[in-house]
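S.K.: Residues in the sequence shown are numbered consecutively from 140, following our numbering.
For each residue, glycine too, the CB sits at the ideal point set by N, CA and C.
Treat the numbers as computed from the prediction; the structure is a model and nothing was measured.
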Amino acid sequence: MNNTIQRMFDKEEIIRQVAQVLKETRTAQDTVRQGPGRDRRFTLLARYMIEKAIRHNALLTDDTGTGIALMFRMNAGRNHFFRDVWEDIKLAFCVIGLTNVPKIIRVRKHIRSRQPKSEPFFYMWFWGVIPGSRGAGKGVAVNMKDMFLRISEDEQLPIYAETRLRTNAMVYQRYKFIHYDTWNMPGGDTMWFVRYLPKSLGR
140 MNNTIQRMFD KEEIIRQVAQ VLKETRTAQD TVRQGPGRDR RFTLLARYMI EKAIRHNALL
200 TDDTGTGIAL MFRMNAGRNH FFRDVWEDIK LAFCVIGLTN VPKIIRVRKH IRSRQPKSEP
260 FFYMWFWGVI PGSRGAGKGV AVNMKDMFLR ISEDEQLPIY AETRLRTNAM VYQRYKFIHY
320 DTWNMPGGDT MWFVRYLPKS LGR
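1. Within a Cβ cutoff of 6 Å, which residues of the same chain sit near Arg186, ignoring the five residues on either side of it in sequence?
2. To the nearest angstrom, how far is the alpha carbon of Arg165 from that of Leu199?
3. Which residues in the same chain have their Cβ closer than 6 Å to the Cβ of Ile144, if we skip the five residues on either side of it in sequence?
4. Less than 9 Å between the C-beta atoms of Val246 and Tyr299, yes or no?
5. Between Gln159, Asp169, Asp149, which has its C-alpha nearest Gly327's C-alpha?
6. For the segment 264-271 and the segment 203-210, state whether three or more C-beta atom pairs, one from each stretch, are separated by less than 8 Å.
7. What residue does the alpha helix (DSSP H) around Val157 start on, and which one ends it?
8. What first and last residue would you give for the alpha helix (DSSP H) that runs through His195?
9. If you follow the beta strand (DSSP E) that Thr329 is part of, which residue opens it and which one closes it?
10. By DSSP, does Met324 sit in helix, in strand, or in coil?
11. Comparing alpha-carbon positions, which option in His195, Gln159, Ala280, Asn214 lies nearest Glu258?
12. If you follow the beta strand (DSSP E) that Leu209 is part of, which residue opens it and which one closes it?
13. With a threshold of 8 Å on Cβ separation, who are the neighbours of Leu184 within its own chain once the five nearest residues in sequence on each side are excluded?
14. I'd like the span of the beta strand (DSSP E) that includes Phe265, first residue to last.
15. If you drop the 5 nearest sequence neighbours on each side, which residues of the same chain put their C-beta closer than 6 Å to that of Asn282?
16. Would Arg212 and Glu294 be called neighbours here (beta carbons separated by less than 9 Å)?
17. Identify, in the order they occur along the chain, each residue of the same chain with its Cβ nearer than 7 Å to the Cβ of Val240, setting aside the five sequence neighbours on each side.
18. Keeping to the same chain, check which residues put their C-beta closer than 7 Å to that of Ile189; ignore five residues upstream and five downstream.
Here it is as structure tokens:
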């Protein structure tokens with residue numbers, strides 16, 4: 140992706156904002172272990188995500204810095220996203236807790252099984268708008284959507300994402316994503332898999 144998309148905002152402020160959104164997210168709530176210091180662990184998770192995105196040129200922000208997306212380019216056969224082993228080990232000790240690791244690995248493997256195996260694509264790992272900037276009148280989510288759909292069209296690569304909130308799945312579909320699979324998770328939740336196909340791929 141073009142480096143100009145990664146705008147000049149204070150990294151610590153972006154981490155703080157992502158941590159705020161993660162506290163509302165079902166997947167993050169399941170990932171971060173319970174107990175004293177949980178707010179700090181959400182911040183550590185946000186830092187891990189943002190620093191990983193910066194390393195792989197995957198951080199997208201809107202003009203205000205209140206809309207944030209982490210969209211990774213996944214290359215066939217070389218998916219760095221699932222192989223940052225040392226960082227994942229540190230995350231397991233500091234944030235997840237060792238008892239949660241097997242569940243996280245199972246979910247990760249299932250997500251990967253629903254993604255392309257032999258073609259490159261973009262993976263939308265995170266997309267959020269901080270609470271004070273949400274709503275139709277703000278336009279932040281729409282501007283973000285326009286940004287990453289434009290990247291998809293320019294690069295001629297599909298975007299894949301998943302969500303455990305039906306309302307989010309409906310938002311994705313309103314933004315021209317296609318719902319292509321559903322997973323009834325062991326704990327009773329449902330995960331919706333969506334993708335956006337650029338025009339060249341038959342949208």
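M.R.: Answer, in terms of the structure:
1. In the sequence shown, residue 186 corresponds to position 47, counting from 1. Here the set comprises Ile154.
2. For the purposes of this step, residue 165 is identified with residue 26 of the sequence shown, where counting begins at 1. For the purposes of this step, residue 199 is identified with residue 60 of the sequence shown, where counting begins at 1. C-alpha separation (whole angstroms): 22 Å.
3. Here residue 144 corresponds to residue number 5 of the sequence shown, with the count starting at 1. Reliability of the predicted coordinates at Ile144 is poor, the pLDDT of 45 falling under 50, and no value is obtained from them.
4. Position 107 of the sequence shown, counted from the first residue, corresponds to residue 246. Position 160 of the sequence shown, counted from the first residue, corresponds to residue 299. Contact flag unset, no.
5. Taking the sequence shown and counting its residues from 1, the one referred to as residue 327 is at position 188. When each option's Cα is compared against that of Gly327, the closest is Asp169.
6. yes
7. Here the question's residue 157 lines up with position 18 in the sequence shown. Note, Val157: alpha helix (DSSP H), 150-161.
8. Residue mapping note: residue 195 aligns to position 56 of the sequence shown, counting from 1. Here His195 belongs to no alpha helix (DSSP H), and DSSP marks it neither H nor E.
9. Along the sequence shown, read from residue 1 onward, the residue named residue 329 stands at position 190. Thr329 -> beta strand (DSSP E) spans 329-335.
10. By 1-based counting over the sequence shown, the position of residue 324 is 185. Three-state DSSP puts Met324 in coil, outside helix and strand.
11. As a first step, residue 258 is located in the sequence shown; it is residue number 119 there, counting from the start. Answer by Cα proximity: Asn214.
12. Working through the sequence shown from its first residue, we reach residue 209 at position 70. Per DSSP, Leu209 belongs to the beta strand (DSSP E) from 206-213.
13. Looking up residue 184 in the sequence shown gives position 45. Correct list, in chain order: Ala158, Leu161, Ala167, Thr170, Val171, Leu230, Val234.
14. For this step, residue 265 is matched to residue 126 along the sequence shown. Per DSSP, Phe265 belongs to the beta strand (DSSP E) from 260-268.
15. Translated into the one-based positions of the sequence shown, residue 282 becomes position 143. Taken in chain order, the residues that qualify are Asp201.
16. The residue given as residue 212 occupies position 73 in the sequence shown. The residue given as residue 294 occupies position 155 in the sequence shown. Contact flag set, yes.
17. Reading the sequence shown from its first residue, position 101 is the one you call residue 240. Ala231, listed in sequence order.
18. Residue mapping note: residue 189 aligns to position 50 of the sequence shown, counting from 1. Only Lys150, Ile153, Ile154, Val157, Leu198 meet the Cβ criterion.
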